[in-house]
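Trainee:
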Amino acid sequence: MSTPNPLTWARDHAPVLADLTDEFREERPFEGLTVAICSHLEASTGVFVETIHAGGAECLVAPSEPKSTHADVIDHLDSREGIRTFAEPDMSDRAFERAQSDLLAERPDLIADDACELIARAHASHPDAVEEAIGGVEQTTAGVRRLEAIDADAGLGFPAYGVNDTPMKRCFDNVHGTGESSLVNVAQITNTALSGKTVVVGGYGHCGRGIARKARGLGARTVVTEVDPRKALEAHMDGHLALSMAEAAEIGDLFVPSTGSRDVIRRAHFERMRDGAQLANAGHFDVEIAVDDLEAMAERTTEPIAGVTRYHLPDGRRLDLLTEGRLVNLTGPNSKGHPIEVMDTTFAMMAVALRELAVGERPEPGVHAVPDRLDREVADRKLAAVGGSRDDLTAKQEAYLSDWALDGEAF
Ligand code: NAI
770 MSTPNPLTWA RDHAPVLADL TDEFREERPF EGLTVAICSH LEASTGVFVE
820 TIHAGGAECL VAPSEPKSTH ADVIDHLDSR EGIRTFAEPD MSDRAFERAQ
870 SDLLAERPDL IADDACELIA RAHASHPDAV EEAIGGVEQT TAGVRRLEAI
920 DADAGLGFPA YGVNDTPMKR CFDNVHGTGE SSLVNVAQIT NTALSGKTVV
970 VGGYGHCGRG IARKARGLGA RTVVTEVDPR KALEAHMDGH LALSMAEAAE
1020 IGDLFVPSTG SRDVIRRAHF ERMRDGAQLA NAGHFDVEIA VDDLEAMAER
1070 TTEPIAGVTR YHLPDGRRLD LLTEGRLVNL TGPNSKGHPI EVMDTTFAMM
1120 AVALRELAVG ERPEPGVHAV PDRLDREVAD RKLAAVGGSR DDLTAKQEAY
1170 LSDWALDGEA F
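Straight run, no breaks: the sequence shown in the working numbering ends on number 1180.
#1: Quick one: residues in its chain with C-beta nearer than 6 Å to the C-beta of A1004, no 5 flanking neighbours on either side, listed in chain order?
#2: If contacts are defined as beta-carbon pairs under 8 Å, then E723 and D1144 qualify, I think. What distance do you get, rounded to the angstrom?
#3: So what's E827 in DSSP terms, helix, strand or just coil?
#4: In angstroms, rounded to a whole number, what distance separates the CA positions of D1044 and G1157?
#5: DSSP three-state label for T1114, please.
#6: Just the C-alpha distance for E1057 and G825, rounded to the nearest angstrom, thanks.
#7: In this structure, does DSSP put D1089 in helix, strand or coil?
#8: Confirm, please, whether the CB-CB distance from F865 to P896 is below 8 Å.
#9: Pull up the DSSP beta-bridge partners for E907, would you.
#10: Taking the continuous beta strand (DSSP E) assigned at S808, which residues delimit it?
#11: Does the beta-carbon of R939, which I'm using as the reference point, lie nearer than 7 Å to any heavy atom of the ligand NAI?
#12: Would you say the beta carbon of L1096 is closer than 7 Å to some non-hydrogen atom of the ligand NAI?
#13: Along the chain, where does the alpha helix (DSSP H) that runs through G1094 open and close?
#14: Tell me, which residues are paired with F1024 by DSSP?
#15: On a Cα-Cα basis, can you pick out the residue from L1082, H1053, A1051 and P1132 that is closest to D1062?
#16: How big is the Cα-Cα spacing for N933 and T909?
#17: Give the single residue among L873, E900 and T1028 whose Cα lies nearest to the Cα of L887.
#18: Less than 8 Å separating the beta-carbons of A1059 and R1035?
#19: CB A911 to CB G1101, shorter than 8 Å?
#20: Have a look at R939 and A840 and give me their C-alpha separation to the nearest angstrom.
#21: Taking the alpha carbon of W778 as the point to measure from, which residue in D1113, W1173 and V1121 has its own alpha carbon closest?
#22: So R1041 and A1015 are supposed to be a Cβ contact under 8 Å. How far apart are they, rounded?
#23: So, is K1165 buried or exposed, given that buried needs 16 or more other C-beta atoms within 10 angstroms?
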C-alpha cells in the first residue's frame, strides 16, 4: 500500500471547499498574489491552503499554535510548488515567533489569520509587511478582538474581515466544532467517562454553549460559570446550573473554560477542587487556566498518561491538567481539531472573504463585517451539499416584509 496523502480524507468531507477549489481553478482570483495562511496546521487547513493555491496564489503557511502542527500535513504542503510552510511540529515559543517573522519578511499581499497572530506581529514589528498587505481575514473570536484593539489603538493598516463573527462561522465552528471536539479529545486523552460526571464550563458564549450542550448530551451534569448576568441566566434557562467558579470548583469533575480571557480558573479555585479533578482548556490562548498558580502550589508533577500533567498538592490532592493548558482539541497526542465538516464552512468563509478582498471592492482600512451575501453563498453551498433545501421569499412576502403599514395601504 502506498503512503496515504494526509489530505485525501479531509477533502472527501469538505464539499464546499471542493466546490470553491474547482471554481477558483477556473477563475484564478488570486493570480499574482501571495497569500499568508496562519492556522492550526492539520489536514483541513491543508485543504484550505490547496483551495487558495488553486486560485493562483503563492501560499505561505505558518502555525497559529506551536504544538498543533501535523508533520505529514506540512510535508505534503511543502512538496507542492507554490506552497511554502514556516513550521515544524512541536515548536518552542521562540521558534514559533521566528517562523511568523520569517513569513512576514516575505511581505504577503493577503493574510488569512487565526487569533490575529500574523496581523498583530506585522503591526508590532513589520511595518513593511503592513504597508504591502492589501487585506486580511480573521477566523477566531480572540483574533477579531485583537484586530479591533489594533484598530482602536494605532489604526489597522489595511482592511480586515472578521470572519469569526459571521453566522456561518460562529454558529457552527464555535458551537458545534468546539463543543464536540473538546469533549472528544478529553475522552480520548483520559479514556474516562463523561457520563455521570459534573462538567464545569467556563463562559457561556458560542463555544461554552456548545460544550455545555454536548456534555449534557453525553450524560454529564453541567455547571456554567459566567461574568455576564444575561449569559448566566441564559445558561440557567437552558437547564444548566449557573454558579460562580468558586462554588463550581467544589463540585466539578471536569473543568473546560472557553472565555477568551485569562485566569478563569486560578489558585483560589484550585484550593477548593476535589482530588482527581480534570482541567482542559478550550479557549484560544493557554492562559484561561492559571498554570503558573498550579506550578507554584504543587510539590511535584507526574505524567500519568500521555497528554496529562498531574499536579500533586501538599495536602495529597491531585489535579490533572490536560495538554499543558493549551487548546485541548488541537494539542493532545492525537488531536485533529474540529470535525472536517465544520472546518469546511469555516475555511469556505475565509476563502470567499479573501476572494472579495482580491477581486471585489476593497473597503477602507479597518475591521469590517463580512458582507451578508457571502455568508448566504456559503450557507447555500453547504445546504446543497448536505442534501437540504430551502424556500425563497415570494414577491408578496418580500413586499409585506418591507411595508411598514403592513397592509400595503397608506393611512
Ligand atoms: P464569546 O465572546 O461568544 O463568549 C465568551 C463568553 O465568556 C462570554 O459570554 C463572556 O461573558 C464569558 N466570559 C468572559 N470572561 C469570563 C470569565 N472570567 N469567567 C466566565 N465567563 C467569562 O466567545 P467564543 O466565540 O465562545 O470564544 C471563546 C474562546 O474560544 C476564544 O478564545 C476563541 O478564540 C476560542 N475558540 C476556540 C476554539 C477551539 O478550537 N477550541 C474554536 C473557536 C473559538
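All C-beta atoms, glycine included, are put in the ideal place defined by N, C-alpha and C. Computed from a predicted structure; not experimentally measured.
Mentor: Concretely, from the data shown:
#1: Cβ within range, chain order: Y973, V993 and A1011.
#2: This structure gives no information on residue 723, because the portion of the chain shown stretches from 770 to 1180.
#3: strand
#4: 48 Å
#5: Helix.
#6: 39 Å
#7: strand
#8: no
#9: D882 and G931
#10: T803 to S808
#11: yes
#12: yes
#13: First-last for G1094: undefined, no H or E at that position.
#14: V969 and L1048
#15: Closest by C-alpha distance to D1062, out of L1082, H1053, A1051 and P1132, is L1082.
#16: Computed Cα separation, rounded: 5 Å.
#17: L873
#18: yes
#19: no
#20: Each residue's CA atom was taken as its position, placing R939 and A840 some 28 Å apart.
#21: D1113
#22: 7 Å
#23: exposed
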